[in-house]
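*Asks:*
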Ligand code: IMP
Ligand code: MG
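Numbering (my numbering), first residue to last: 30 to 207.
1. For residue 38, which of 154, 182, 84 has the nearest alpha-carbon?
2. I believe residue 148 touches residue 119 by the beta-carbon criterion, under 8 Å. Please report the beta-carbon distance rounded to the nearest angstrom.
3. For the stretch 165 to 194, list the beta strand (DSSP E) runs that are entirely contained and at least 3 residues long, ordered along the chain.
4. Which whole-angstrom value is the C-beta distance of residue 160 and residue 175, which I expect to be below 8 Å?
5. Should the stretch 191 to 206 be regarded as contacting the stretch 45 to 53, the criterion being three or more beta carbon pairs within less than 8 Å?
6. Straight-line CA distance for residue 62 to residue 91?
7. Between 30, 65, 95, which lies nearest to residue 84 when the distance is taken from Cα to Cα?
8. Is it right to say residue 94 is buried, meaning 16 or more other beta carbons lie within 10 angstroms of its own, or is it exposed?
9. Considering only heavy atoms of the ligand IMP, does any lie closer than 7 Å to the CB of residue 131?
10. Determine whether the beta carbon atoms of residue 123 and residue 169 lie at a separation below 8 Å.
11. Hey, out of 136, 166, 145, whose CA is closest to residue 153's CA?
12. Residue 207 by DSSP, collapsed to three states: which one?
13. Give the straight-line distance between the Cα atoms of residue 36 and residue 42, rounded to the nearest whole angstrom.
14. According to DSSP, simplified to helix, strand and coil, what is residue 114?
15. In terms of DSSP beta bridges, what is residue 91 paired with?
16. Measure from the alpha carbon of residue 184 to the alpha carbon of each residue in 59, 54, 70, then state which is nearest.
17. What number of angstroms, rounded off, separates the C-alpha of residue 57 from the C-alpha of residue 68?
18. Let me check you understand the geometry: is the CB of residue 66 closer than 7 Å to at least one non-hydrogen atom of the ligand IMP?
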C-alpha cells in the first residue's frame with residue numbers, strides 16, 4: 030500500500046494540529062447555536078470523526094452519500110443523492126464536512142439542495158482544497174490544506190476504494206492509475 034505513494038504531502042501530526050485549530054474556531058463561532066454537522070460519505074468520515082471531537086459545544090451529526098458520475102479520477106458534475114439526511118434541517122446551523130474540493134461541482138450541488146430546505150445557515154468545511162481544477166466557485170469557510178493538482182489518497186480519501194486507511198495524506202504514483 031505505502032509503495033504506491035509518490036510522496037507524503039501532509040503528515041499525521043500536521044493533520045492533527047490543523048483539525049484542533051478548526052475545531053476551536055467552530056466551537057467559538059457557533060457557541061449557543063443549534064449545530065448539525067453533515068459529513069459527505071465516505072471520504073470525509075475519518076476527518077469528521079476527528080474533527081467533531083475537537084468541537085467543544087453540543088452538536089448533532091448526520092451523513093449524506095452522493096455519487097458523481099464520471100471516470101475514477103475525474104468528476105462530471107452530475108450528482109445523485111444515494112443517501113439523504115435523516116431529519117429536517119430547517120432552522121439549524123449546518124456545517125458540511127467534505128474531504129476534498131476539486132472542481133467544486135459536488136459541493137455546489139449539495140449546498141444548493143440543502144439551502145432549499147431552509148436551514149438558518151450553511152457553511153462548508155473541507156480538509157483539502159485543490160484549487161487548480163476549480164470549475165464552480167464555492168465559498169469554503171474552513172479549509173485545512175491546499176493541495177497541488179495530483180491524485181490524493183489517505184486519511185479517508187480513496188482511489189478505487191483503497192488507501193482510505195493511510196493515516197497521512199499522500200500523492201498516488203501515476204503508474205497506479207494511468
Ligand atoms: P469535485 O466535485 O470535483 O469537487 O470532487 C469532489 C469529490 O471528488 C471529492 O469529494 C472526492 O471524493 C473526489 N476527489 C477529488 N479529487 C480527488 C483526489 O485527488 N483523490 C481522491 N478523490 C478525489
Ligand atoms: Mg468526497
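Beta carbons are placed, not taken as given, at the ideal position from N, Cα and C, and that holds for glycine. Given the structure is predicted, the values throughout are model-derived calculations rather than measurements.
*Replies:* Per the coordinate set shown:
1. Along the chain shown, read from residue 1 onward, the residue named residue 38 stands at position 9. Of the candidates 154, 182, 84, the one whose C-alpha sits nearest the C-alpha of residue 38 is 182.
2. Here residue 148 is taken as the residue at index 119 of the chain shown, counted from 1. Here residue 119 is taken as the residue at index 90 of the chain shown, counted from 1. The Cβ separation is near 7 Å, so the contact holds.
3. 171 to 175
4. Here residue 160 refers to the residue found at position 131 of the chain shown. Here residue 175 refers to the residue found at position 146 of the chain shown. With a Cβ gap of about 7 Å, residue 160 and residue 175 count as contacting.
5. no
6. Stepping through the chain shown from its first residue, residue 62 is reached at position 33. Stepping through the chain shown from its first residue, residue 91 is reached at position 62. Each residue's Cα considered, the two are about 17 Å apart.
7. The residue you call residue 84 lines up with position 55 of the chain shown. The shortest C-alpha separation from residue 84 is found at 65.
8. Looking up residue 94 in the chain shown gives position 65. The residue in question, residue 94, is exposed, as its Cβ has fewer than 16 Cβ neighbours within 10 Å.
9. Along the chain shown, read from residue 1 onward, the residue named residue 131 stands at position 102. Flag set: Cβ of residue 131 near the ligand IMP.
10. Translated into positions along the chain shown, residue 123 becomes position 94. Translated into positions along the chain shown, residue 169 becomes position 140. No, Cβ-Cβ distance for residue 123 and residue 169 is not below 8 Å.
11. Position 124 of the chain shown, counted from the first residue, corresponds to residue 153. Nearest option by C-alpha distance: 136.
12. Residue numbering aside, residue 207 sits at position 178 when the chain shown is read from its first letter. Here residue 207 sits in coil by DSSP.
13. In the chain shown, residue 36 corresponds to position 7, counting from 1. In the chain shown, residue 42 corresponds to position 13, counting from 1. Answer to the nearest angstrom: the Cα atoms are 16 Å apart.
14. Locating residue 114 in the chain shown gives position 85, counting from the first residue. In the structure shown, residue 114 sits in coil (DSSP, three-state: anything other than H, G, I, E or B).
15. By one-based count along the chain shown, residue 91 stands at place 62. The partner list for residue 91 (beta bridge, DSSP) reads 67.
16. For this step, residue 184 is matched to residue 155 along the chain shown. It is 70 whose Cα lies nearest to the Cα of residue 184.
17. One-based indexing of the chain shown puts residue 57 at position 28. One-based indexing of the chain shown puts residue 68 at position 39. Near 20 Å, if we compare the C-alpha coordinates of residue 68 and residue 57.
18. Position 37 of the chain shown, counted from the start, is the residue given in the question as residue 66. Answer for residue 66: no, Cβ out of range of the ligand IMP.
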